[in-house]
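Read through the structure below, which is laid out as structure tokens, and then see the notes.
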Amino acid sequence: AGAAPLLKVRGLEAWYGESHVLHGIDFDVAPGEVVTLLGRNGAGKTTTLKSIMGVIGKRTGSAIFEGKETIALPSRAIARLGIGYVPEERGIYSSLSVEENLMLPPRIRDGGLGVEQIFQLFPNLKERLRSQGTKLSGGEQQMLAIGRILRTGAHFLLLDEPTEGLAPVIIDQIGATIRKLKQEGYTIILVEQNFRFAATVADRHYVVEQGKVIDMIPNAELDRNIDKLHSYLGV
Ligand code: ATP
């Protein structure tokens, strides 16, 4: 039951050169959901996002987005469908200003946020409009990276460890932003190591281990599954 999935991934496999990293990933994301991919270092979470975005050498299986098979599409065609990827390394150009960084990716769909709307979501960025990318804190860089993707018109967001290396107060701000984006109808896959943070934003959690999804835990059932989760994550 429930709505048809916005994204349906089945039997997804991926390779870096000869190295076979994903071995049959299966999961669904419903419209308007926030789901996380949890798992240990090297489990294949980032590779799953890259495979959905089409930015990996070889991938097979199926990834159906809004009813359309994307597994053989080039990344720019996937972006045009409205999928946006914010990599862990954020990709902020240090020599460009905040404003220039925001304007850099083209608008590829209708519905992209205007600069004023982005500043409403991230008021600190407005104060830093003319600052260079290098002068930004890690949290500001993360907000700029998310804001930039919202401008393109993406409505399905792939966020890779947005809280990595950030102070707790900034992590709270990122969490508030993700909840706001969900309220506004965005659908989000979040890669996280920090399941305490994940629990504050997500509807469901998929556990990735050795290139497969081995479990799904609804957020409401996280507490009663905490021992299991600790053993999956090795914490
Ligand atoms: P992490 O939190 O460490 O990023 P992850 O779950 O996101 O963990 P991936 O980055 O997807 O894991 O990596 C999955 C596997 O692929 C690991 O064994 C990793 O060493 C390998 N890998 C990742 N990137 C490359 C690459 N560019 N070339 C070759 N192997 C890679």
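Going by the UniProt record's numbering, the first residue of the sequence shown is number 14, and it counts up by one from there.
Even glycine gets a Cβ: it sits at the ideal position worked out from N, Cα and C.
Nothing here was measured: the structure is a model prediction, and the numbers come from that model.
Within the present structure, is the beta-carbon of E174 separated from the nearest heavy atom of the ligand ATP by less than 8 Å?
-> yes
Looking at T49 and the ligand ATP, is the gap between the Cβ and the nearest heavy atom below 8 Å?
-> no
Report the option in M156, I191 and I96 whose CA atom is closest to the CA atom of L115.
-> M156
Starting from T61, follow the alpha helix (DSSP H) in both directions and report where the run begins and ends.
-> K58 to M66
Report yes if the CB atom of L242 is closer than 9 Å to the CB atom of I230, and no otherwise.
-> yes
Expressed to the nearest angstrom, what Euclidean distance is found between the alpha-carbon atoms of E79 and L86?
-> 14 Å
Backbone CA spacing between A27 and F40 [nearest angstrom] | 15 Å
Segment contact flag, the stretch 171-183 with the stretch 140-147, C-beta cutoff 8 Å, min 3 pairs | no
Determine the direct distance from the alpha carbon of D236 to that of I183, and round the result to whole angstroms.
-> 25 Å
Straight-line gap, G95 to F169 (C-alpha atoms, nearest Å) = 6 Å
Thinking C-beta only, is G37 closer than 9 Å to G74?
-> yes
Pick from Y219, T61, G224 and Q223 that is closest to E234, judged by C-alpha positions = Y219
For L203, the three-state DSSP class (helix, strand or coil) = strand
What is the DSSP secondary structure of L51, reduced to helix, strand or coil?
-> strand
Is the beta carbon of L35 sitting closer than 9 Å to the one on K225?
-> yes
Can you round the beta-carbon distance between D173 and L62 to whole angstroms, since I take them to be within the 8 Å contact cut?
-> 6 Å
Tell me, to the nearest whole angstrom, how far the beta carbon of V221 is from that of K58; I am working on the premise that it is less than 8 Å.
-> 5 Å
Going by CA-CA distance only, name the one from A17, L50 and V22 that's closest to N232.
-> L50
Kindly indicate which three-state DSSP category A14 falls into: helix, strand or coil?
-> For A14, the predicted structure reports a pLDDT of 46, less than 50, and the residue's modelled location is therefore unreliable. The matter cannot be settled from this model.
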